[in-house]
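Everything below concerns the one structure shown next.
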Amino acid sequence: KLLASPLLHFLCLESSLPAMSNLSPIHQAIDEVMKLSPTAQGVLGAVFVAQMSFVVLLVMTRKAKSGIINPTIQKDKDKVVDMVNIADVSFNDKGVAAYCRCWRSKTFPLCDGSHNAFNKEVGDNVAPLVLKK
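Right under this line is the structure:
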């Protein structure tokens, strides 16, 4: 019996494992889905795929957020604090100074653009603190 949803067709293992169909909650759920119309099966399959996509996205996002923010800078200290006297700020020829907020700059506390690769890697949008004269 061909199901409207390829996902449900893939999940339907009753033909290859008939003895397990009465034991498995998944098989019982599939039996109930089989009673639905082909249109309802298709909609249910689409909803399932959308939910699973959301779960994968959620897990990836939480994984990125739950990691260590500062991977390498001054790890020997309990807390990283950089104090800069305004009179000592070195502005570039455009009159701006950029300070790192992604913790990946090789010139920390100044920004070296490392946030661009970091943002692509984890899907974030972090950028430097920019001071302007």
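Residues 1073 to 1205 in the numbering used here are what the sequence shown lists, from first letter to last.
From the three backbone atoms N, C-alpha and C, an ideal C-beta is built for every residue, glycine too.
In this text, all values refer to a predicted model and were calculated from it rather than measured experimentally.
Three-state secondary structure assigned by DSSP to residue i
| i | result |
| --- | --- |
| residue 1169 | strand |
| residue 1192 | helix |
| residue 1202 | strand |
| residue 1116 | helix |
| residue 1182 | strand |
| residue 1161 | coil |
| residue 1146 | coil |
| residue 1103 | helix |
| residue 1121 | helix |
| residue 1129 | helix |
Assumed close pair residue i, residue j - CB separation to whole angstroms, cut-off 8 Å
| i | j | result |
| --- | --- | --- |
| residue 1201 | residue 1161 | At roughly 11 Å, the Cβ-Cβ gap does not stay under 8 Å, so residue 1201 and residue 1161 are not in contact. |
Contact set for residue i: own chain, Cβ-Cβ below 7 Å, skip 5 residues either direction
| i | result |
| --- | --- |
| residue 1154 | 1181 |
| residue 1168 | 1202, 1203 and 1204 |
| residue 1174 | 1186, 1187, 1190 and 1198 |
| residue 1172 | 1180, 1181, 1182, 1183 and 1200 |
| residue 1127 | none |
| residue 1125 | none |
| residue 1156 | none |
Cβ neighbours of residue i in the same chain (closer than 8 Å, five flanking residues each side left out)
| i | result |
| --- | --- |
| residue 1108 | 1116 |
| residue 1151 | none |
Cutoff 6 Å; reference residue i; Cβ partners in own chain excluding five residues on either side
| i | result |
| --- | --- |
| residue 1163 | 1169 and 1205 |
| residue 1176 | 1186 and 1190 |
Query raised in the report: Is it a yes or a no for the segment 1142-1160 touching the segment 1173-1185, going by three-plus beta-carbon pairs under 8 Å?
Result: Touching, per the Cβ criterion.
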